[in-house]
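Trainee: Sequential numbering of the sequence shown, starting at 47, is according to this note's numbering.
The structure's right below; bear with me while I get my questions together.
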Amino acid sequence: MARPIQLYAFDMNCVGHINHGLWTHPRDSSLRYTDLDYWTDLAKTAERGKFDGIFLADIVGVYDVYQNRPDAAIRAAAQIPVNDPLIPLSAMALVTQHLGFGVTVNTTYEPPFLFARRMSTLDHLTKGRIGWNIVTGYLDSAARSMGLARQPEHDARYEAAEEYLEVLYKLWEGSWADDAVLRDQKGRVFADPARVRAVRHEGQHYRVDGIHLSEPSPQRTPVLFQAGASSRGQDFAARHAETVFVASSSPKSARVLVDGLHKRAAELGRSGGAIKVLNLVTVVTGRTEREAQEKVEDYRRHASAEASLAHYSSSIGIDLSQFALDEPILDTQTNANQSALAALTGGREGATMRQVIDQMVLGSRQKPIVGSPEQIADHFQTWMEEGGIDGFNLARTVAPESLTDFVDLVVPVLQERGLFKHDYAPGTLRQKLFGGDTGRLPENHPAAAYRFR
Ligand SMILES: Cc1cc2nc3c(=O)[nH]c(=O)nc-3n(C[C@H](O)[C@H](O)[C@H](O)COP(=O)(O)O)c2cc1C
């Protein structure tokens, strides 16, 4: 097989994810996000399509930069309300056998000790299918909710996250030796206390003196995902991440990111294959090109450009309501999401609001790819070859139709072309993605330095 495509279904525990307004389409079911079977059905469909995983986004604030208030986001359900992404996962694991789960948790607001246990619990219950999308946040509204005046500076958030990971590695990898757990019913010894030790960490941001509460789980450290694309974000990813989610608008710009990441990782002693890169994509397909075109025109009538502007204003930390349609948006530094701002102004002198809104076909800044299954497959092939990426992260449009269409129409074409697997590899999520016999991080990953020796 040529380099196989990896596929994730991108979703969020909320009504409006990134293609805003589409929940108003009569066939959309995302208003049912509070029902557990909405999530178990999603997992079953993704596994039927042999997806590598479901990736759940999360934020812990609201989009209130646009017009300096959260009204547009609330009206349009633009990621508000948003429920906890971890809670549905054990039910989703119960109805699947192989599907991976990448779940977003923000390092800035959760104490590492408790977070370490929640992820270990999920790694046990999913039999080693859990991954963590490490984010540092970009919303001042989240910071205010958590008792801070505003969020820490962009690069300082990554510095704190480095220490957060050090604490986690100590807990996940180093608190219990591999042979600590004996489960000896006859001898009445569950675990050998000499092989379990407290983590003692005193750093700039965190202090921990305690034993990791969970016994070693199949992967110990969950598969590490990351999605920051600024220079500091890429440094962080190169050190820690096993899979990086990007949102490039062309294979050429993806190639720059991919090469940059691999180069940085190699400098840190991690091989080129150690990091997979997946690009965000919105697909609208049908049995024919015409059917796909008709579908996107139908969807389009339900899209909300205003909700998208509200989302985007918070992503870049600039109130886009202040610009007239043909006024250039200033290319300023921002303390929010630097790569999103760069993607918008992207070196282009004087991008205007009209140009930004023009891109928002389905209520997101991501233009959808529209076509027959063969055309979508062609598109994916081009991106893989020219962009050097490893796969795609599929945003939902009208749910669950967009996923079932993809699974029923595009997956068979990708499989026929030898670009996509017919079945899952055995083992944990890490083994399915990278091979290996243990499901644990390799020795050249920084986490390995903290193992119980
Ligand atoms: C595909 C993709 C998914 C993301 N998902 C989340 C998310 O769920 N929660 C979040 O807070 N940030 C998310 N982000 C934002 C990044 O994690 C990061 O905070 C942002 O890109 C700012 O970092 P940077 O300036 O290094 O790019 C996502 C970014 C991308 C490209």
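The beta-carbon is built from N, C-alpha and C at its ideal position, and this holds for glycine as well.
Small disclaimer: the values here were computed from a predicted structure and weren't measured.
Let me know the secondary structure DSSP gives Y155 once reduced to three states.
Mentor: Reduced to three states, the DSSP call for Y155 is coil.
Trainee: What first and last residue would you give for the alpha helix (DSSP H) that runs through L501?
Mentor: Outside the modelled stretch of the chain, which goes from 47 to 499, sits residue 501, for which no answer is possible.
Trainee: Is it the case that the CB of V245 approaches a heavy atom of ligand 1 more closely than 7 Å?
Mentor: Checking every heavy atom of ligand 1 against the Cβ of V245, none is found closer than 7 Å.
Trainee: I'd like to know whether the C-beta atoms of F271 and N179 end up nearer to each other than 8 Å.
Mentor: Closer than 8 Å, so yes.
Trainee: Taking just the CA atoms, how far does A244 sit from V254?
Mentor: Taking the straight line from one Cα to the other gives about 9 Å.
Trainee: Anyone know if the C-beta pair for G62 and H348 falls short of 8 Å?
Mentor: Cβ atoms of G62 and H348: not closer than 8 Å.
Trainee: Do you know how far the Cα of P131 is from the Cα of Y84?
Mentor: If you take the alpha carbons of Y84 and P131, they lie about 13 Å apart.
Trainee: Check for me: the beta strand (DSSP E) holding Y109 runs from which residue to which?
Mentor: Per DSSP, Y109 belongs to no beta strand (DSSP E) and is neither H nor E.
Trainee: What would DSSP say about S472, mapped onto helix, strand or coil?
Mentor: Looking at the sequence shown, residue 472 is not Ser but Pro. Looking at P472 - three-state DSSP - the assignment turns out to be coil, as it is neither helix nor strand.
Trainee: Using 8 Å as the threshold, is the segment 416 to 436 in touch with the segment 310 to 327, meaning 3 or more CB pairs across them?
Mentor: The segment 416 to 436 vs the segment 310 to 327: in contact.
Trainee: Just list the beta strand (DSSP E) runs in the segment 246 to 315, keeping only unbroken ones of 3 residues or longer that don't cross its boundaries, in chain order.
Mentor: Counting whole runs of 3 or more residues, the segment 246 to 315 contains the beta strand (DSSP E) stretches 253 to 256, 269 to 272, 289 to 292.
Trainee: Thinking V329 and A273 are a contact (beta carbons under 8 Å), I'd like their distance in whole angstroms, please.
Mentor: Rounded, the Cβ-Cβ distance is 19 Å, inconsistent with contact.
Trainee: At a cut-off of 7 Å, would you count R278 as near ligand 1, judging by its Cβ distance to the nearest heavy atom?
Mentor: Yes, the Cβ of R278 comes within 7 Å of a heavy atom of ligand 1.
Trainee: Give every residue of the same chain whose Cβ lies closer than 8 Å to the Cβ of R190, excluding the five residues on either side of it in the sequence, and list them in chain order.
Mentor: Result list for R190: G107, R196, in chain order.
Trainee: Look up M165 in the DSSP assignment and give the residues it is bridged to.
Mentor: None, per the DSSP bridge assignment.
Trainee: Please report the straight-line C-alpha distance between Q125 and A119, rounded to a whole angstrom.
Mentor: Between Q125 and A119, the C-alpha separation is close to 7 Å.
Trainee: What is the DSSP secondary structure of A353, counted as helix, strand or coil?
Mentor: Note: A353 maps to helix in three-state DSSP.
Trainee: Entirely within the segment 410 to 435 and at least 3 residues each: give me those beta strand (DSSP E) ranges in chain order.
Mentor: Listed in chain order, they are 415 to 417.
Trainee: Looking at the secondary structure, which residues open and close the beta strand (DSSP E) in which D57 lies?
Mentor: Residues 52 to 58.
Trainee: Report yes or no: do three or more beta-carbon pairs, one from the segment 128 to 148 and one from the segment 362 to 377, lie closer than 8 Å?
Mentor: At 8 Å Cβ cutoff, the stretches do not touch.
Trainee: Taking the beta carbon of D81 as the centre, do at least 16 other beta carbons fall within 10 Å, making it buried, or is it exposed?
Mentor: Counting Cβ neighbours within 10 Å, D81 comes out exposed, since fewer than 16 surround it.
Trainee: Spatial neighbours of G417 within its chain, please: C-beta separation below 6 Å, excluding the five flanking residues on both sides.
Mentor: Answer for G417: E335, A338, listed in chain order.
Trainee: Could you tell me if K232 is buried or exposed, where buried requires 16 or more neighbouring beta carbons within 10 angstroms of its beta carbon?
Mentor: Classification for K232: exposed.
Trainee: Give the secondary structure of K467 by DSSP, where H, G and I count as helix, E and B as strand, and everything else as coil.
Mentor: If DSSP states are grouped into helix, strand and coil, K467 belongs with coil.
Trainee: Please report how far the alpha carbon of P472 lies from the alpha carbon of Q401, in whole angstroms.
Mentor: Using only the alpha carbons, I get a separation of about 47 Å.
Trainee: Any heavy atom of ligand 1 closer than 7 Å to the Cβ of G183?
Mentor: Yes.
Trainee: State whether the segment 86 to 93 contacts the segment 354 to 365, with contact taken as three or more CB pairs (one from each stretch) at a distance under 8 Å.
Mentor: Too few Cβ pairs lie closer than 8 Å, so no.
Trainee: Do you know offhand how far L185's Cα is from T153's?
Mentor: Approximately 13 Å between the Cα atoms of the pair.
Trainee: Bridge partners of K322, per DSSP?
Mentor: K322 pairs with T289.
Trainee: Going by Cα to Cα distance, which pick from F452, Q477, V342, T172 is closest to P419?
Mentor: Comparing Cα-Cα distances from P419 to each of F452, Q477, V342, T172, the minimum goes to F452.
Trainee: Can you give me the C-alpha to C-alpha distance between A312 and E489, rounded to a whole angstrom?
Mentor: C-alpha separation (whole angstroms): 14 Å.
Trainee: Around the C-beta of A477, are 16 or more other C-beta atoms found within 10 angstroms, so that it is buried, or is it exposed?
Mentor: Checking the sequence, you will find Gln at residue 477 rather than Ala. So Q477 counts as buried.
Trainee: Under a three-way DSSP split, which group does T331 fall into?
Mentor: T331 falls in the strand class under three-state DSSP.
Trainee: I think P127 touches C60, with their Cβ atoms under 8 Å apart; what is that distance to the nearest whole Å?
Mentor: That belief holds up - the Cβ atoms of P127 and C60 are roughly 6 Å apart, short of 8 Å.
Trainee: Given this structure, state the Cα-to-Cα distance separating V213 from E340, to the nearest angstrom.
Mentor: So the two alpha carbons sit approximately 52 Å from each other.
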